[in-house]
Structure formats: structure tokens, C-alpha cells
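Notes follow the structure.
Protein chains in written order, with the working numbering: chain A, 1014 to 1637; chain B, 1014 to 1637; chain C, 1014 to 1637.
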């Protein structure tokens, strides 16, 4: 694994560059990510390029032996470009244009902007494509950040109609698939279809699902256009992009298929504060992040990445500026996060950013250096981590314990139709992940069409659509299986299957879901040390089908068992999913043991890593 | 009482229709509501009608002895119509057009759409007006659903100006009535008046009240246009419409005046979850609904209905899809709800819907059949209820105990000017209703101009405007009277009367309200087992006027008494209003006795019904 | 001190005017504020003036010896004017026009409206400028009420560009100052700059700060145009304006520089309910207001006012209509508030309003008379207060104890970039003020450039920008100094200074802030009877620099001391700031002693006032 850093030479006086470069090298960093927000400096006026400064910046870094990840600057088109075609703005769900003045002010469907993005990408690729300092390219920056994947612009509407025509071929097929007869929503041609926002009450969930798929596809094709240019003009360089945390606006499996390495940006403290953790956990882990946040994404993006190549392109080094509250990490956490990324297989951890900016939107975002150029607390830890990394050598492959099946479509569907507040496929997956990890198990988060070979346990937390490949691999799977609610409850177009849920999984589970209901907080059925809450499926099962396993005091069945398959009939959360997964792990003879609060483990061929989040300590033992 | 069901033949293959029809008949259903969302199938293209399928569907149902309630499809105009005149969309209070893609995408004031609604109504009425299977017509569907009565469109603005000119005759009269001099808001002509949305701070409450009245009147005239056509082309058929729960967007007394039967749609679990019940009640009654929800509306709409004819046009049979959380009813509740509707005088309970749809917006809304066509849990209970209904025979008239006076205008006024958060006339009425019912009393919810003959007790929970008819009938009333705060506090145009509140009721109450204040949660004055909260009126009374009755420990007077009249000076809620109404009931020698938690009673000439919501049991005893 | 009242003769029949005037005089009132909402009566049609009624109203009041504060009616332009130029509307941050129908429906940058405002002001000034009854003029009414200072209209955008060009001279200077290179936000000309609303994510804080300054300047120049006309046509009359509570939309120091007397509108109960007090305080003081609300503004606006001349132009006399809950004040509070204003140096307390209006937006707002013309409870207290005021005679100057430094720019900056939820400079100032007052100290709230002579203690709660004048006066100050977090952390254009916080104060404080973090509720470091919460600065200090003073149990340093200077490293709130300020007061030998809960004191040359808010009692003792 290498260490790197994000750097913005255009922010600093040129005489500082050599000092920065030398300090980076001395710190143990070998890769520097630059360029992704520099369009206004690269092309200060339409068609007039200024490469000189960037040439020099690259030379200065290269001279210190540092290699470059060069970003295409398409996340920040300059004002002159925006003014040339103001309709390049995305429109929000409220129909309002999202203006210039920050970043990501473009609609993925705007043809004019697509041309401009290709133009600047080509220009950069031609200039630096063969430069020996260039190790890799990053396309754009954080697709979807600030909720920018869905655009409700005329450009998006026109593109959506074409996309629908390609997918459904005939308007009758679409009307039939969506059930548009329901409220006389039938269309006579694709040109009659609008975007699903601003309807009087909720639009057809099938309409939304199509729009979510379309919006994801627009990101993929926008990215692919850059990839194609870069492959052509800059052969043998890796192409990467930086994904985000708890973000599901586009299908990362699809994006990763076009990349060599999938990167992501890890901000454990900001994520803890802004996402749905309990108040208790938000306080307990305020300076560490919940112990599953970083690892969940490591394992998720490793599973998305082609050939499993992934990295952390931005690593939080101190307080950030964008959460409601922005505490500093505990001493030790920057090193812990770095080693944890390594343990999960990262090929790079790149800290964001080298030096804190004294100006503009992120002036309160810490760096490895303070705004005055002196070392910030993280710098010492990065040096420690660099030494540790060098010392360890190769880790060998991660041990295979459990696979957790997750698809972006599942999360889109539960967002579109939660039925009960908070019933999200993403968070069901996170809960199951956490349950596995609290037992000390390695987890691979895999796509529905992934091979399940070699695992002792497979968990499908909530997968409304079950592709044939998944149904087949589960049937053939010899280990333990845990399946959560809503799985198999829908077809490709959001319709309930003729045989009801769990559809293709009925034989496997040994029963049919005849009624699903959701329960408000406060309506729970108490089991021993767990409870039924949030969701409840009623199962009708044939002779020899599933039998109740966990049953609440009042007789409510929380989970069913059919040979090696368990079905969680309640929402997979809290102690219930912990118990259920523990039972499966024991039945599967996996090396499961309850770890202390806040401790997590990762096993590789050569080492066992243990991460004590409460104490901010990472310890590493060789495998015996 | 008959039982019925809502059915959408256009959703299902034609070979299923006879099976459905036979099963309906076998279940004990005799009426089937169809057609109200089928415009795109009736008129797939502008001017091209396809009646054949509907002819056949009606025949199939008729062949099983079922009779039809046929809906006009004006709640779901097709896309081709919307595209012909996109300005038919209502504009929201935020000024944004509410687009096609769900239902109710029209503005009640749009002349073009009014013509189209008349056209399709005429076409249906001519086709089926004399068909022997047609028992009744339903106009449109759930006027106002998804907050669609108020539209802020140019069409509404123009219509509002005409409405104002008709009401006030001269602009000076309007300026004077509204007090427009206040902030130089005086108009020089009706054409200067805009809709009251998007003002810098709140608009004149008189402006809002006029707009609320106008908006209600637009619904009434929209509906009347359909009624006129149907009466002409389909004589001797009942005309009905389905009102909603806790919905006050238009004046239901006015609407019902044009109908033969007023229907409503009863979803006790959804209403409990979405409306303002305590967290405790939302959990305690999650699978039953609060025991006063259904009955309140039965008694309200019976009071609205011409000749007291009313029905339940949609009855919840299982989980719905539209509340934050959607639990399943307890076994027994569908039968209980059915018998309760009967006890309150319904002439029909129609379940929504026959079969759960596998597609579109309501795919998670239960039916009597599951999506796979098999019986859902409710079906058994419907059969039981059908048997019970058949067994009981005529109930005789409901016993007259208490009248509760409610007007829609009152609720509009407390919405426009709550003065204290949560002080709503509707919920004041609900609280008083609940207090009466917990004592086992029958309640008639009546309009302010209704006769009060035969009652032992009259409650006026909160009636800012007191029409002369009400003032007179209260003066002449010999029984006990309870009057709540704000009553008589305004004239027809929202002005404080020259003599202050309670205006026309001053002699009756025996005092004048000289100061009204509102109290935040946490500021309460403790009485014995009740408290003063939310609102407090200070009363100045003459010699021989009202005397304090309930007085808090610190001397704050919660209620006043003047002979047979009690004035509740605090907000009518909680134990205070329970005690006050109990005192009045005792003084009036009504058969009042505190029922156990969750139990309610309804007395008719021939039977006494008792509904135990906690146990989900309905029991019926003959009157002795 | 004089007493006065706000009066609207245009609301009442002319034959009532003499009765009102006589009663005012008998009550002990000597000044009457009129005219500020009467445009539609003064100029009922474009260019046609009707002065007759206003002439008579002024004569009637004058005949009773009352003198007039005459308001320019520019807060309520009539509909005919709005219709002449609909683009005079301000646009909200959401880009929507804010329509006619209430008040303040204008954009401060609209040239056409500026001309109209000048025209009506000239007309009034010419008519009444030399009238002997006219004691003073009030410009407009409550600038900024209903969030009307910031407008996002084309007029505002154009004016903003001119303002920026004047401030920064060259676009390069602006780009450099704002750090626009950060996300390629560089502009090529001032004409490329838009308003900072509706950006994809937050705009540059420097962009927002410039817009806040610009918006404030537009109010100042709008007001100055009226002042210039009035000074010309009505010499020797005071000019005033009524500011609001907890309102920081424009810089009141700047506005006051153009006025003779700065007025403000005091609504203690409404402010308690609507602003950020604890639920406990909102209940405890529901009928009194928090004991520091009124005094804080008295001391703030005295500090803003030229020559220290200030008044209460509107004083709450009973329940208001605009808070979530609107209780009545405790008997005694109207007298207490009046005497408290006197104790703090007001030259006028004017009650709002003489008589409660039976119509329009404020019909639930109490007056000294009820809507029926009879005395409301406050009238008795006003008579008592008038007698007290007459009895006391001159108070002499307020004793100088502590100065508290506050600037509007500080609050704008913490609003733009709170970094931790709730970290506001205004509320930091309020907390420090409250801490001082609980010790019985007099406080002067002063601008950063004010002289600090004569004080024993200076508090700078949170001043991101430290002007040179403040740095110098603190250096030269011999007494005790308390400085709060973020002080000195920014330059004039929102950039972190090259030496980091506290910038110019580093030597004074004896340390450098190397890291700032914010803490969520629940993450606290416990000290003896106080805690570190909300914010935490880490200090690096040289030999002989600051030393820790208050240290939490875990070693976290809450405050630092360097000779006579204390630095509060945590958010200044709760017991921590109370302790810290008490220590400083003791070290400074100020006459500090903890007062009982709810009691406050104000010392003048001749008297000591004590205000017991819990008991609603004001007591006055001569100085010994």
C-alpha cells in the first residue's frame, strides 16, 4: 500500500511548492492528487490555455520522486463557460436551477456540457498523457456530491424519454410494465412522459425506479466518455474516481466496471454526525467514528471494483467543515484508519488535504499542515503509519468468511417506497455488516451476480429484486444463508411477482410472504434479549417448509428456518439481527466470537489486525 | 345496511371477472364501486370512446346480482388532455404547478377542465344512465385529497375576483369589512386583489377566510355540474361522493346538499398514525385506531348528509401504503368497524379494494384478496360481518343524547389564526366528542343551523362565528349547554364584534371575554385531576352573570357557569373537558357513565352496541 | 423620560379622536406616534393627496398638548404603486417574489421604489415639517422585519455588482481576497458575479459576507435618503427609527449614525417564545420574559446611538399575536418594563398600541384599550409608571462597570459559517451579558472602535474580525479582559490570518489557536460546576504566555489566563462563562455579587433599581 495526499499548487505561491514536495516525500507519501478543481487556471478564458504553471507544479513534485494522480476538472467549470450556456445547470427536484458559485453546477444530461467536458479532458490528456510523473487519472470529483445526480431539467427529460424508448421499445410495454392503467396514467408515446417530480401526490414507483436507473446511467456514460479519451491519449495509466460514503445516487458497480481502481473518500467523523446513528453512538464515537463506517465502505467498494482494486482517495485528517458539529479525531485515529484501510486491501490512502486553506468554502477543513504551513496533529500519525506500512510488507489475501449481498437498485427501491419510515436496504445492509463484524468475521460485500464460492455464510439483507444469478447461486450454496425482509418481493419493474414475495426464493426459504406490515417505534414484540420492530412479514409455509426459530413472548415469529436458510421476518436491526447472524455463524462453524464493544478485527493470510476504536489503538499480530 | 367493495376490472384479465363477481356475491357483498379512475380506458384518445370493456364488466357483475356504483373519472384526466391544456394544473401555495403523474392534477377553477369534466360525465351518463345495474353514481373521487382544493393559479385568481365582486358588491365594502386600511392594503377595484399566498408576512385573515370560502365554493359548483348532468340522464339513481377523514378543505354541509348520500373513506389505522394523537395512543391503538376516529366521522357525515343518508365508501381492510408506518389491523377489527358503521346508521360499508394491486402507487395497500387472488385475512371477517348484519335486521333510530355543533368555517378560522399552536376547532370538536363518548352517550354532530330538539345536552366546542340561527336555538334550548373558547369572537368577515367575544352569546354565557391568551406546553394551572392548558379566556361578568365552577389551585378559573350554560375558558382538551362535560351530562340527567378505557357504546331503538377496541370485540345486545 | 403611545387615527371614527386624545393626556402620555402605515389614505390614488384627515388628527392631538412622532409610510406602499412596478418586490432566497398583501413588499435596491419613497417623504415633510406639533420623525418602520433586508432580485444583483466594484476596484483583487481559485470560482469581471443564493452547495463565505455588508449598506442609504429630505424640510426635529429585538440584518451602528435617536420595539414575551431560550426558561418566564431580554437591547442600542440617545418606540402591553404562544404578562410587568427602560437611560417609552384593532393582521395584539374602547389591564400600570417617572426626577448617569464589545459583522460571520450548530456571536454576547448582569453589574454594549475608558472589565465574546482600533484599545486597557473563541480568527474578507487566530490578539492572549473544533450536545468535558461544550480551541503558547485557568476533570483546558487577559477556549455559555466572568470581575475589584434567580440591578448616579422578574416587582432606592 502507498500513502498519498491531495494537493492544490494553484492555491499557494510557487516558491512554496518545492518545500511542500520535499516535506511530502519526507513524510512517506509517494502519490499526489492534483488538478481536479483547476479549470479556471488551466483555461482562464475560452480557448486560451495556460499550462505553464501546471507543467512546473508537476515537475516540482516529480523532482522529489512523487508521482501524480491528475484529475479532470469537470466538477468545477468556470463562470465563463456557465454563462455561455446557462441551461447546463441541473434543476433540483423543486424545478429550480442550481446556480454557479460553488461546484458541480452541471446537468449530466446536457449535451453542450458533455462536449465541453470531453474537450477539456482531451486537452489535459494530450498535454500530460505520456508524462512519466502521471501515475493515474481521476475523472471529475465525487459524482453526485451535493445531491447532483438527479436533475429535473429539460435536458434530462429529453434524455429520459430516449432512455425509456431504448429500454421498453414500445409505449404499450412501458404502460403494462408500470401498471399505468392504475390512475389513467397511460401514455400514448414516449414523448408524453415527464420526469416524476412535482406530481400532485407520489408518482408511480416504477416511474421513479426508471428515473433512478436513468440518472445512474447518465453518470456512467458521462464518466465513460472521459475514460475513453484518457485510455486513448494516456495508455497504461490507471483511471480512478472518488466515491463517497453512504451514497447511493448511482450504481457503483456500473461505474467501477469502467475504472481500473475505485477510490473513495473516508470521513468517519463527519459521516457519524450526519447519518443515521443513535444519539448514544454519535456521542460515544464522536472522535473516532462508528467502528463499522470506514470498513463497511472498504468492503463495499472492494466488491464493486474491477479486480478488487480500490483506494482511499481522501482520508479525514482532523476536523472537517461540513457536519453539524466538527470535532477533532482522538490521537491515534488517523493511524488507525490508515492501517484499517490497509488491512481491508487498499492500495492507496491519500489524505485530504496537504495544507488547510485559509480561504473559501473549506477553510475550516483540516489538512496535514495548518493554514500557516506548520504541521497539524495528523502529520505525526501519518509518519507513524508510513513506518508501519513499510514494516509490514505484503498482507496476503483477506480470509473468506461471510458474503453480504448488496445492490444499488435495492436501496433505490426502499427509498422510493419505504412503506415504513427508515426501512432502507442500505441501512439493513449496514446492520447486517455490523452484526458480522462484531463477531470478528471478515465480510465481502458483493453484487447479486457475484460468485459465492468459498464463503461459509451469505447474508441478503434486503433485495427486493432477486436476479436469476442470485437465485441460482443461493440454491447452489452449501453454507449458511440469512435472508432479510422484502427480498424477492418485486420484479424488475417494481411489480409484486404473481407468486408474491419472496418470488424466486420461495422454495429456498420454504414459505410465502402473504402480508407485510410496518411498525412504529414503540410497537415492538419482545423476545429474550431482542425485539421485533420496524417491519413484520407473515409467512405461509407448506408442509416441510420453514419453521419458526426466534419467537417473541407473544408468539410473533421473528425469524424462520428452513435447513441452511434463515429468513428474518422483522426489520434486520439491533439485537435481533445480531442473534440471528450469530446462530448462522455458529451453524456454519465460522470462527465467530463476540468482540468487546468498539473492537473490530480483520484477518489476512499473514496478519490479524485488531482495531480498538474506543482506545484509538490498532494492533497487528502475525497469523500463526 | 348493505356491504360492498371497490373494484377495478380494467386492472385484471377479463377471464378473471366472473370469478371475482361470484366470490363477491358469495362473500355477502351486494354493491360494487367501479370506474372512477378509468378515463384513459374509456377514452384512450381524444374523442374516441371505448365502452365495450366497461359494458362487459358491468354485465358480468350484474349477472351475479351485484349492483354498481359508477364513478365519474374526473379525478384522473389522461395525459393527452393535460397536454392539451397544461394550465389546467393547480398551482401550489408556493406558486408551482402540480404536474401530471399521479391524480387530481386539475384546478377547480379552470374553465377548460370544467368543460371536459362535463363532457366525460355526460358521455358516461348517457351510456349507463338507464342501465338496470347502476344503483348509484359517485362524482369524482375524494375531492381535496393531496391538498388539492386550494389552487393559486391564474384561473383561481380570476375566479376569486368574480366571487369577491359578487359577495361584496363594492370594493369599499370589502375594504371596510376586511379592515384594509390597517397596512394600506386598500384596493381600488376587485381587479387589484391577488390570492393571499406568497405575501411578505401573513396576509389579512379576512383575505384568507374569503379565499377559503371561495375555494370551497369552487368544489361545490364543480360537483354540482356533474350532479345536474347525472340527474338529467340517470334519474332515480342516488348520487354520492366519498369524503375523507379529518379533512376540512371544503364545506361538507354544502357538498352534501347536492347529494343523496354522503359517503366517506374510513382508514382508522392510517388516520391514527398521521393525525395528532399522542404517541401513547398511537402505540396503544396502532392495530385498532383510536376508538373515536371512525365514529366521529360517522356522526359528522350523518349530520352533513341530506336526510341523514350516509355510507362508508372505502373501508380499510388491512395495512395501507400511505402512512408513515402501516401496521395490520388486529383480528376482529374489520368486523368491528363494519358493525360500528352499521350502529351509527350507515346504509353501506364498501371495502377498499377487492384485490390488492401488484403495481403502481397503491401496491402495498391491502385488499380483500391478496395480489395473487387468494383471500386476505379481512375476507373472513367480512363474511362474519355479512352474517351479523343479515341476522340483526333493522336497528331503529339512534337514541338522542347530545348534539355537538361543528362548522367548517370554524376550522378554517382557527387554521388561519390559531393564536396558540394547536388550537384547532376541529380538534376541539374531536375532544368534546370523545368526552361524550367515554360516558357512553350518543352524539349527533350538527351544523350551526340544525334543530336542537330532543337533545339533553348541546356542546359548542369552538365556533368563532355564531350565526343567528345558532344563537336563537341555544337561547331556546332547555337542556344543558357547554360552550368552548373563541365562540362568538368574530363576525362574518373575521372582525372582533363591537361588544367583544362571545358576541351574541354574552347574555347566555353571562359574561364578556376581555382578554384571551395562549399558553405554551409546560405552562399549566393545576386543578384537581385536570389542568388549564393551551388557551385561557378572562371573563368579566355582570351581577347575576356567570360564576366560576372549575377553579385551579392558584385561583385561575377554568370554567364558568350560568344556569344551564357552562363556558370552558381553557382549551377544551384532556381531563378538563371530560370533567366539564360529565358535569353537564349529570345535570342534564343523561344516561352517562364512565366506560372502561377503549370501550365505546352506541344505542339504537332495538339494540345496544358495545365496541371494545382494546380487545377488538364488538358485542350487541337487544334493548330491553 | 417621557411616555408615549402608537396611534392610528385612520382606523377609528373621527368623533372618537378627541376622546382618545384626552384619555392619552390623562394617562400621562405626552408623545403620540402616528402615520407610518397610512400611505393609502394620504395618497389614495397616484398623485392625489388627501391631507385633510391627517391635518385634523394632528390638530386634535395637539389640542390636548400631545406632541407627534410622524412616520414616513414607506413600509406600506399601496397596491396601485406596487402594480405600477411589480419588480419593486424583493425576491426571497428561494428566488420567489414576495407579493403584496401585508407589508414591507419592496426591495431596498429598487431605484423606482427609492424614487417613490423620496417623493412621499418630501410630500409629508413639506406639509408638516414646520408644524409645531411635530416633535420628531420616524423613518419607515422596522427595517428588516419579516426578513426583508436580503433581497435576491435583479435590482439587488445589479446594485451588488456596483457595490463590489467600488469596494474591490479590480476583479483580480476580489478573486484574490475571496480565494476564488479554490473551486475555479474566479470571475473575469464584476458583471459575472451573481448573488450567492441557490448555489449547488454553499457559496464562498467571503461572497456571503460581501452580500451581507452590501444588504446592510442598502438599508443605510435607503434611510439616509429620507433623513436628508427631513433635515432639509423639517429642521430641528429629531429623526428616529424603530429597531427590533435579536435582529442583526443590518448594521445598527451605521444606521444610528444618521439618526438623532435610535428607537427599538420591546416585546419581551414574544421574544422569549420565539428565540433560543431553554424550554425551562420559556416556561418559567412565560409571563415576564427572560430578565435580560429588554435590558440587553437597551444597552445595545444605547451603545449604537449617536450621543447615546435612545428610546422604546413600541412596548408590549399585553398578549401579542405573532409568537407560537401568546400569554398575558403578569400584573406588574408593564410598569417594571417601563421603569427598567428608564433605569437604562431611555428618553421615551411608547406603548404599542393605544387601542387593539378589531380587524386585520394584528387583531389579537393587545393595546392600552380593548377593541371596544374600554381600558385593558396595561392602562392602570401605565398610569402608575407615569406617576413613578414623574416622582423620580433625573437619575444621573449610569455607573460604568463593564463594557461588552459587539459588532454586527461578527454575527453575520457566525451565521454564514457556524462550524458548530448554534455557535452565534450574538448569543455568545447575550450569554456574556447575562453573566455580567447576574453579578449586579452595569454593562455598556459597545462597538469595536469605542473607547474603553472608565471600565473595570471588558468582554469580547466572539469577534472574528478584530479592527486595529479594538486591538489597540485592548492593549492599552488597564482593567480585566475576557476574550471568547473565534476572536481574531479572520481578516476583513473572511480569510484566516497568516499567523492564525487570534491574529492581532496573539500577544495579548499569550498564545495561538492551532485547532478549533465543535462538539455536539452530549460531548462535554466536566469541570467543577461547569462544563466545556459546543466549541473548543487548542492553544499553543510560548514561554511566559498564557497558562491554564479552568481545567476540566480530564485535563481539557476551558480557559487560559495571561496577566489581566482571560481567553475562553470553549463556547461562552452556561456556568463556564458565569465563572469566568466572575473571576475577572473579582480580579478587577468590581462590585460583583451573585443576585438571586430572576433579579437584576441597574445603578445610576442617583438611584439603584432592582428588578425582580419572578415577582414582577421593580424597586428603587436612592444611592447612598
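Virtual Cβ for every residue (Gly too), placed ideally from N, Cα, C.
None of the values given here were measured: they were computed from a predicted structure.
Whose Cβ in chain C lies nearer than 7 Å to the Cβ of residue i?
| i | result |
| --- | --- |
| residue 1209 of chain B | 1114 |
| residue 1344 of chain A | Correct list: empty, because the minimum Cβ distance to chain C is about 12 Å. |
Report yes if the CB atom of residue i is closer than 8 Å to the CB atom of residue j, and no otherwise.
| i | j | result |
| --- | --- | --- |
| residue 1232 of chain A | residue 1156 of chain A | yes |
| residue 1588 of chain A | residue 1573 of chain A | no |
| residue 1333 of chain A | residue 1351 of chain A | no |
| residue 1257 of chain A | residue 1120 of chain A | no |
| residue 1327 of chain A | residue 1278 of chain A | yes |
Do you know offhand how far residue i's Cα is from residue j's?
| i | j | result |
| --- | --- | --- |
| residue 1109 of chain C | residue 1099 of chain A | 19 Å |
| residue 1339 of chain A | residue 1302 of chain C | 33 Å |
| residue 1193 of chain A | residue 1130 of chain B | 21 Å |
| residue 1382 of chain C | residue 1049 of chain B | 57 Å |
| residue 1394 of chain C | residue 1370 of chain C | 21 Å |
| residue 1512 of chain C | residue 1182 of chain C | 27 Å |
| residue 1461 of chain A | residue 1476 of chain A | 9 Å |
| residue 1308 of chain B | residue 1097 of chain C | 55 Å |
| residue 1575 of chain C | residue 1323 of chain C | 37 Å |
Check the Cβ of residue i against every Cβ in chain B and list those closer than 7 Å, keeping chain order.
| i | result |
| --- | --- |
| residue 1511 of chain A | 1385 |
| residue 1231 of chain C | Under the 7 Å cutoff, chain B gives no residues; its nearest Cβ is about 17 Å from residue 1231 of chain C. |
What does residue i touch in chain B if you count any residue whose Cβ is under 8 Å from its own?
| i | result |
| --- | --- |
| residue 1532 of chain A | 1299, 1338, 1340 |
| residue 1092 of chain C | 1198, 1199, 1200, 1201, 1205 |
Given that residue i touches chain A, what residues does it touch there, using C-beta distances under 8 Å?
| i | result |
| --- | --- |
| residue 1288 of chain C | Going along chain A, no residue has its Cβ under 8 Å from residue 1288 of chain C, so there is no contact; the nearest lies around 20 Å. |
| residue 1023 of chain B | 1194 |
| residue 1569 of chain C | Ordered by position in chain A, no residue passes the 8 Å Cβ test against residue 1569 of chain C, which lies about 12 Å from the chain. |
Is it buried or exposed for residue i, if we count other Cβ within 10 angstroms and need 16 for buried?
| i | result |
| --- | --- |
| residue 1124 of chain B | exposed |
| residue 1311 of chain B | buried |
| residue 1567 of chain C | exposed |
| residue 1497 of chain B | buried |
| residue 1122 of chain C | buried |
Roughly how far, in whole angstroms, is the beta-carbon of residue i from the beta-carbon of residue j, given that I think they are within contact range, below 8 Å?
| i | j | result |
| --- | --- | --- |
| residue 1316 of chain B | residue 1457 of chain B | 6 Å |
| residue 1164 of chain A | residue 1104 of chain A | 6 Å |
So which residues of chain C does residue i contact, with C-beta pairs closer than 8 Å?
| i | result |
| --- | --- |
| residue 1050 of chain A | 1195, 1196, 1197 |
Applying a beta-carbon distance threshold of less than 9 Å, which residues of chain C neighbour residue i?
| i | result |
| --- | --- |
| residue 1058 of chain A | 1201 |
Under 7 Å between beta-carbons, which chain A residues line up against residue i? List them in chain order, please.
| i | result |
| --- | --- |
| residue 1545 of chain C | Per Cβ cutoff of 7 Å: no residues; residue 1545 of chain C is ~12 Å from chain A at best. |
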